[in-house]
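Residue numbers (this note's numbering): 1322 to 1613. Just so it is clear, CB atoms sit at the ideal spot from N, CA and C, and this is done for glycine as well. Just below is one structure, and these are the notes that go with it.
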Ligand SMILES: [Zn+2]
């Protein structure tokens, strides 16, 4: 037993040392305290991915966090230039990301950006209750980076027929990141009927079907996220979260969404779309999906 524990410790430390830590950037005010909080959050999330999913970042990204949205575009441009990263054609819209929000976050191939409302003081960490939310949202953004990594999608690739970006369908990209965000705080394995019912209810209220949410960037707004989350939950319950990660690996290998979906989940995207319409309406079918 002791040898087994030692082996796990060695494997874990090897995996953690392989982890590429980001370049941390923030604004001037309380720089040291903010950087320390961001580093602590990153280390917690990185440890979660290693222990729960056996995954770590192999590419050092820029992690910019700030409670001053006004200067974020400049901060991001400076940070990316400092690490020889090119600013992509869609510059950050910090107004849309941060204004009026307690916490805003976005990921792109080279960075994670997070903005939050100023805390009363950074002397003793985050104001009470904020830290778990911050770290779980960071887990969501880190999921996107692992998707890019597994799909070999940095820089972003187009589909073979050039109809869209390769990374998709959008409902699975976002739905999976939402599931990880939840799983970080409350393991999905602890989900019972109530949680499934809540997820299903949000999906049932929307008229959006999965084929509306395929295109890159099409998951926007609460209703779309509700549908994406429930569809991804169904796949995770039937196949396990590891199969969702494997889908992105297949996507990188096959460079085709339909073929990757079939390779990972053993059914066509179109047949899951149809099955999903029954799952969102029938609680028993959703609860028992994938259960023998
Ligand atoms: Zn996302």
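- In this structure, the straight-line span from the alpha carbon of residue 1389 to that of residue 1578 is close to 39 Å.
- With contacts defined as CB atoms closer than 8 Å, residue 1471 and residue 1480 fail to qualify as a contacting pair.
- The way I'd put it, the stretch 1447-1459 doesn't touch the stretch 1543-1561; fewer than three beta-carbon pairs between them come closer than 8 Å.
- Residue 1346 carries a strand assignment under DSSP once its states are collapsed to helix, strand and coil.
- In the DSSP assignment, residue 1385 falls within the beta strand (DSSP E) that extends over 1383-1387.
- Taking 3 residues as the shortest admissible run, the stretch 1508-1536 contains no complete beta strand (DSSP E) segment at all.
- Its chain contains no residue whose beta carbon lies nearer than 6 Å to that of residue 1512 once the 5 sequence neighbours on both sides are disregarded.
- Residue state for residue 1610 is assigned as coil, using DSSP reduced to three classes.
- Here residue 1403 carries a helix assignment [DSSP, helix/strand/coil].
- With a minimum length of 4 residues, the unbroken runs of alpha helix (DSSP H) contained wholly in the stretch 1549-1611 fall at 1562-1575, 1578-1586, 1590-1600, 1604-1609.
- DSSP places residue 1424 in the strand class (E or B) of the three-state scheme.
- Note that the C-beta distance between residue 1553 and residue 1489 is not below 8 Å.
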